[in-house]
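Following: one structure in structure tokens, then a few remarks.
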Amino acid sequence: MKQKKLSSMSYEELKKKHTAIKTLTWMLAIVLLGSLVFFIFISMQSKFTPLVIIPIALSTILPINFINLKKFKTEMELRKSKPDNKI
0 MKQKKLSSMS YEELKKKHTA IKTLTWMLAI VLLGSLVFFI FISMQSKFTP LVIIPIALST
60 ILPINFINLK KFKTEMELRK SKPDNKI
């Protein structure tokens with residue numbers, strides 16, 4: 000599936016994608032935090048488990064998603080500020 004550029008999307012599509020990415024990013028952050036706490040708890044109950052590394056490694060996805068969210072937000076603000084834009 001070919002991805003559209005931000006500039007070729009309509010404002011409504013842009014807003015929907017921004018909302019979806021924002022929701023999924025925060026859900027991912029909550030799941031990663033929960034799994035990190037759970038694996039640390041398991042490690043304290045028994046010996047160290049290498050599963051602690053998984054949420055740490057997967058957390059590198061979060062900054063990329065937050066950068067993309069910022070791009071979406073700036074594009075939406077740019078389109079709102081244009082007087083000829085019909086929202």
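Under numbering that gives the first Met the number 0, the first residue of the sequence shown carries the number 0, and numbering increases by one thereafter.
A virtual CB, placed ideally from N, CA and C, is assigned to each residue, including glycine.
Just so you know, these numbers come straight off a predicted model, no measurement behind them.
- Beyond the five residues adjoining it in sequence on each side, residue 21 comes within less than 7 Å, by CB distance, of 68 in the same chain, given in chain order.
- Taking all protein chains shown into account, residue 47 has fewer than 16 neighbouring C-beta atoms within 10 Å of its C-beta and is therefore exposed.
- Judged by DSSP in its simplified three-state form, residue 15 adopts helix.
- With distances taken between CA atoms, residue 38 lies nearest to 52 out of 28, 27, 25 and 52.
- By the Cβ rule, the segment 27-46 does not count as touching the segment 5-13, because fewer than three pairs are nearer than 8 Å.
- Spanning the alpha carbons of residue 19 and residue 71 requires a straight line of approximately 11 Å.
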